[in-house]
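All residue numbers for the sequence shown refer to numbering that gives the first Met the number 0, where the first residue is 0 and numbers rise by one. Cβ atoms here follow ideal geometry from the backbone N, Cα and C, with glycine treated the same way.
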Amino acid sequence: MGISGKYFAILSASVATVIAAVYVKRAMIRSHRRKLRLVHSQIPNPLNDEELQDKQLNTLPSKTITQWHQQYGPLFEINTSEYKWIFVSDLEAIEAIFIKRSVETSLHSYSAWRNIVNGGCGSGIFFNGGEGRWKYLKAALRDVLSPAFSDSVEGMSRMEIERCTRNLITQTGNHGSVNPSLCVRFAVVNIVLYIAFGKPFAESMNDDTFKRIESILQSYQKLAATSTVAEDKGCPWSFFLKCSPAKSKESKLIYRRQVQPLIQLLVKSARTDNNHNIVKQLDKMREDYHMKDDDIHKIMEEFVFISCRTLCASILWTYALLCHHPKAQTNISQEFIRFWKQNKHFPTFVDQSSFRYYTAFQKECFRYRPIFTFSAPRKITKDVYYDGLIIPKDSILLSSIHALHNDSARYPEPEKFVPERFLYDTNPMHKTSRNCLQSRDHFAFGWGSRACPGVYMVEKFLFDVVINLMSQCSVRPALTVEGDKLYPDIDNYIEAGVMAVPVDFKARFIERDSFK
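Right under this line is the structure:
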């Protein structure tokens with residue numbers, strides 16, 4: 000009994016020691032977190048919720064956020080009644096928070112724009128960081144959009160690009176100038192539908208499918224665009240605020256009455272079509288990626304409408320910047336003529352290395368006017384610690400791409416359009432987009448688990464668009480009745496959620512003399 004009592008005393012003392020150690024450690028952790036939270040409370044907050052709602056901020060969010068980064072530093076927060084938003088414009092912080100801690104920082108989050116695009120029905124592929132079944136769907140789409148698949152549809156897409164160029168030249172001849180947006184949307188919709196469903200190109204804009212997609216695209220544009228002074232108390236910051244009940248209801252109606260029935264019809268048709276298409280590829284991958292029929296419909300819904308919007312915006316920005324920079328046009332057309340004389344055939348994307356200036360020009364287009372001014376919002380699932388700060392659970396993280404692209408330490412004189420800054424690197428963007436952040440040329444295609452799955456296809460498509468255009472015509476500003484030049488407005492744009500879309504403009508697409 001004495002021995003047992005002795006052991007019991009020792010055991011009790013040991014347990015007490017362990018409990019005390021655990022208590023002390025927990026107390027230390029709580030103390031450490033209190034200190035971190037004290038530091039975190041010092042993160043600059045340029046605007047509180049009341050000011051965000053009531054102040055008439057008639058500025059573009061991306062430009063204002065960039066100014067605040069320049070004033071307050073690479074991390075700052077904005078508190079709304081819904082969430083704490085953390086904006087990041089430092090590559091080291093992005094590496095540490097978005098990539099190395101992606102498990103905790105990749106959950107999809109609410110945003111008015113995402114709610115509009117998918118009708119409030121789930122997180123979706125393009126807005127998801129890789130949680131749950133979405134990681135399989137995103138991986139499936141990334142595998143489908145491989146270089147081999149993109150190359151297999153190049154011939155048909157180039158035919159439609161050629162038709163678009165000829166239409167712009169013809170309309171300029173008939174009317175003196177042309178707003179290129181409708182021609183571009185028609186060509187892009189045709190190409191996307193062919194790639195996605197094997198659907199033959201529509202011959203005119205009266206085609207029923209094109210009209211249905213055009214109607215949806217216009218509705219999305221209207222719903223997602225930032226508010227004007229007359230709306231939402233004059234606050235153009237709807238991306239950071241809760242989607243209004245009216246917009247939320249309208250987006251759900253568009254999704255359920257227009258988007259879903261159209262995509263279901265196109266998917267059904269694609270499975271019996273003789274042409275190579277994405278739907279058939281996904282059907283072959285069902286088992287490997289745990290996909291159901293509804294999953295394929297969801298992939299195609301997002302692919303069609305997000306691809307159409309991003310490709311159209313990219314082309315229109317390229318046209319507008321070409322119009323402003325005739326020297327760039329001359330350099331690209333000279334590269335084309337040189338290639339033609341040496342090779343006696345029209346270039347394809349495999350010849351991209353022969354177009355050094357064009358490559359630099361396209362990179363500068365994405366740097367100067369990125370179509371995505373912010374990353375997709377990410378919600379933090381647990382406290383994240385970085386550089387003596389704590390970013391608390393449930394905060395919303397965004398990387399400020401516009402601010403990154405206007406960092407004068409990385410891009411001297413960032414307010415100027417200077418393709419020559421990229422002449423040192425002729426690597427295509429689909430390769431440089433896989434580089435470490437410090438070695439990237441720009442950040443328009445994202446990174447990590449949320450990187451764009453179709454970078455190769457986008458780059459290939461834009462190469463064909465610009466080379467075809469520069470081989471046939473020059474892009475010049477429209478003229479007033481008095482003969483004054485009207486250049487596209489590249490300083491103001493429509494900020495629809497995280498996207499930046501150029502305002503409508505007119506230009507003259509003037510045919511060149513034959514180069515042959």
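What are the residues that DSSP puts in a beta bridge with residue i?
| i | result |
| --- | --- |
| TYR384 | ILE389 |
| ASN373 | A quick correction: the sequence has Phe, not Asn, at residue 373. Answer by DSSP bridge pairing, in chain order: SER399. |
| ILE493 | VAL500 |
| CYS472 | GLU510 |
| PHE86 | PHE75 and LEU397 |
| LYS378 | LEU106 and ILE395 |
| VAL278 | Note: VAL278 sits in no beta bridge, so no partner. |
| VAL177 | ALA506 |
DSSP state of residue i, grouped into three classes?
| i | result |
| --- | --- |
| PRO501 | strand |
| ALA229 | Annotation note: pLDDT 31 at ALA229 (below 50); position unreliable, coordinate value reported separately. Note: ALA229 maps to coil in three-state DSSP. |
| TRP67 | helix |
| LYS430 | helix |
| GLU334 | helix |
| LEU422 | coil |
| LEU59 | coil |
| VAL454 | helix |
| ALA186 | helix |
| ALA477 | strand |
| VAL152 | coil |
| LYS484 | strand |
| CYS435 | coil |
| ALA408 | coil |
| TRP446 | coil |
| GLY197 | coil |
| LYS415 | coil |
| ARG285 | coil |
| MET347 | One detail in the question is off: residue 347 reads as Thr in this sequence, not Met. In the structure shown, THR347 sits in coil (DSSP, three-state: anything other than H, G, I, E or B). |
| MET299 | helix |
| LYS291 | coil |
| MET204 | coil |
| PRO260 | helix |
| GLU525 | Since the displayed the chain opens at 0 and closes at 515, residue 525 lies outside it and no answer follows. |
| ARG157 | helix |
| LEU144 | coil |
Compare the beta carbon distance of residue i and residue j with 8 angstroms and say whether it is the shorter of the two.
| i | j | result |
| --- | --- | --- |
| CYS322 | TYR486 | yes |
| ILE64 | HIS401 | yes |
| GLU81 | ASN44 | no |
| LYS83 | SER407 | no |
| VAL177 | PHE508 | yes |
| SER473 | GLN280 | no |
| ARG215 | VAL188 | The sequence shown places Ile at residue 215, rather than the Arg named in the question. Cβ distance not < 8 angstroms, so ILE215 and VAL188 don't count as in contact. |
| LEU396 | THR171 | no |
| LEU74 | ILE98 | no |
| TYR385 | ILE168 | no |
| LEU222 | SER250 | yes |
| HIS275 | SER151 | yes |
| PHE416 | LEU315 | no |
| MET428 | PHE444 | yes |
| ARG377 | TYR410 | no |
| ILE390 | ILE85 | yes |
| PHE348 | PHE209 | no |
| SER145 | GLY447 | no |
When the Cα of residue i is compared with those of the options, which residue comes out closest?
| i | options | result |
| --- | --- | --- |
| SER399 | ALA499, ARG285 and LEU461 | ALA499 |
| ASP287 | THR425, ALA327, LEU136 and LYS392 | LEU136 |
| ALA312 | ARG433, GLU213, ARG368 and ASP490 | ARG368 |
| ALA269 | MET299, SER250, ARG255 and ARG256 | MET299 |
| ALA138 | LYS484, ALA450, ARG157 and ASP503 | ALA450 |
| LEU436 | GLU481, HIS404, HIS324 and GLN66 | HIS404 |
| HIS174 | LEU478, ARG433, SER203 and ALA95 | LEU478 |
| ALA532 | PHE371, PRO476 and ILE389 | Because the chain here runs from 0 to 515, residue 532 falls outside it and cannot be looked at. |
| SER218 | SER247, ILE190 and MET204 | SER247 |
| ALA506 | ASP488, VAL266 and ALA375 | ASP488 |
| PHE345 | VAL278, MET158, ASP490 and PHE416 | MET158 |
| ILE93 | SER374, GLN220 and LYS392 | SER374 |
| GLN351 | VAL502, ARG511, GLU458 and GLN220 | GLU458 |
| GLN69 | ARG377, THR79 and SER88 | SER88 |
| ASN434 | SER61, LEU59, VAL502 and LEU90 | LEU90 |
| VAL266 | GLN257, ARG255, LEU252 and ASP292 | ASP292 |
Legend entry - At least three beta-carbon pairs within less than 8 angstroms, the stretch 174–184 to the stretch 194–201: Between the stretch 174–184 and the stretch 194–201, the count of C-beta pairs closer than 8 angstroms stays below three; the two stretches do not touch.
Legend entry - Given 8 angstroms, three or more beta-carbon pairs between the stretch 455–467 and the stretch 157–172: yes
Inset, instruction - Could you tell me whether the stretch 346–363 touches the stretch 415–428, where touching means 3 or more Cβ pairs closer than 8 angstroms? - result: They touch, by the three-pair rule.
Inset, instruction - Indicate whether the contact test is met: 3 or more Cβ pairs, each with one atom in the stretch 301–313 and one in the stretch 349–356, closer than 8 angstroms. - result: Segments in contact, no.
Legend entry - Stretch pair the stretch 379–397 + the stretch 447–457: three plus CB contacts closer than 8 angstroms: no
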